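With our numbering applied, the sequence shown corresponds to residues 8 to 219, in that order.
Ideal Cβ placement from N, Cα and C applies to all residues, glycine included.
Remember, it's a predicted structure, so these values are computed and weren't measured experimentally.
What follows is a short report on a single structure.
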Amino acid sequence: MDDVFEIMSTTRSMRRLKPDPVPDELIQKILHAGLGAANGGNTQKWRFMVVKDPAIKQAVQVWYKKAFDEVVGPRYASSAPPPGITGDKYKRQHGAVEYLTDHFHEAPVWIVACLEDGPNPNRSAGASVYPAVQNMLLAIRALGLGSTLTTRHLQFAKETEAALGLPPGVHSYAILPVGYPMGKFGPTGRGKMSDFVFGDKYGEVWAPLAGA
Ligand SMILES: Cc1cc2nc3c(=O)[nH]c(=O)nc-3n(C[C@H](O)[C@H](O)[C@H](O)COP(=O)(O)O)c2cc1C
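Given below as structure tokens:
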């Protein structure tokens, strides 16, 4: 697939992945797409780990699951569906979230997006690595592979970054579990554009969208 607009509108979270290995050449293509992204001052303080070691993935998954049991699961159970999502779809999403929780470590490869951001990263730090993450998600989709942008491990950042072996001054910003998808891709589900886009005055719908 190479129509970028089609890719962007169908890059869904793929939480059910086959354990089959993904060739390193494809991972290199994905990383190449990531390294093409913008980053502040072009300082390129991003670092990416390609993690395949089952022991490392398992050690992180334990914390990923703990965060689900203690925070994410209860939140899902008590929250309303987001804009543009029916109750049924939301339930299905919750099922997929639970599936990934239990099978996180079984994805054949993880790409862990990190930054050499020093001891006290500020609010803009992630802006120098998330464009690369999004580029990689789009490349993963274009190659027919699946992934999900995950940050839940950060609820136990100290423990999971120790399990990943990150040195001082380096922090992780996302883990992308990558594999061949079990399911099919479909369009992303979002609310109406007019609910999110304002013109000159915050809160007032941008004129071309009025009535849409
Ligand atoms: C900052 C961020 C963090 C996320 N963290 C997780 C995560 O830890 N686990 C997970 O299953 N999905 C995670 N997601 C995926 C979102 O839940 C997902 O993109 C959203 O529900 C929309 O669904 P879609 O990607 O299928 O369109 C994250 C997405 C973003 C942007």
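Worksheet item: Which residues in the same chain have their Cβ closer than 6 Å to the Cβ of A181, if we skip the five residues on either side of it in sequence?
Response: A120, V140, L156 and T158
Item to complete: Tell me whether V78 sits in a helix, a strand or coil according to DSSP, three-state version.
Response: Helix at V78.
Worksheet item: In chain order, what residues of the same chain have a beta carbon less than 6 Å from the beta carbon of L24, not counting five sequence neighbours either side?
Response: A114, G153 and G186
Worksheet item: Could you give the C-beta distance for H112 and Q68, rounded to a whole number, given that I count them as a contact under 8 Å?
Response: 4 Å
Worksheet item: Taking 8 Å as the cut-off, is the CB of Q158 close to at least one heavy atom of ligand 1?
Response: In the sequence as displayed, the identity of residue 158 is Thr instead of Gln. The answer is yes for T158.
Item to complete: Grab the span of the beta strand (DSSP E) containing A120 for me, first residue to last.
Response: V116 to L122
Discussion item. Under DSSP, the beta strand (DSSP E) around Y106 begins and ends at which residues?
Written reply: Not the beta strand (DSSP E): Y106 falls in the alpha helix (DSSP H), residues G94 to H110.
Worksheet item: Is P138 helix, strand or coil when you go by DSSP?
Response: helix
Worksheet item: What three-state label does DSSP hand A62 in the structure shown?
Response: helix
Discussion item. Considering just the uninterrupted stretch of the alpha helix (DSSP H) at S16, what are its terminal residues?
Written reply: V11 to S16
Worksheet item: Should Y71 be labelled buried (16 or more other beta-carbon atoms within 10 Å of its own) or exposed?
Response: Per the 10 Å Cβ criterion, buried.
Item to complete: Determine the DSSP secondary structure at R54, reduced to helix, strand or coil.
Response: strand
Discussion item. To the nearest angstrom, how far is the alpha carbon of L38 from that of M143?
Written reply: Their Cα atoms are separated by approximately 7 Å.
Item to complete: Give a single yes or no on whether G206 has its beta carbon closer than 8 Å to a heavy atom of ligand 2.
Response: Ligands in the displayed structure: ligand 1; ligand 2 is not one of them.
Worksheet item: In three-state terms, what does DSSP make of L150?
Response: The answer is coil: DSSP assigns L150 none of H, G, I, E or B.
Worksheet entry | Spatial neighbours of L183 in its chain, beta-carbon cut-off 6 Å, leaving aside the 5 residues before and after | I118 and S154
Worksheet item: Can you give the Cα-Cα distance for A87 and F203, rounded to whole angstroms?
Response: 18 Å
Fill in: Exposed unless 16 or more other CB atoms sit within 10 angstroms - verdict on F205
exposed
Discussion item. Which same chain residues end up closer than 7 Å to N194 when comparing Cβ atoms and leaving out the 5 residues on each side of it in sequence?
Written reply: According to the sequence as given, residue 194 is Pro; it is not Asn. Result list for P194: S16 and T17, in chain order.
Practice prompt. Quick one: give me the first and last residue of the beta strand (DSSP E) that A181 is part of.
Written response: H178 to V185
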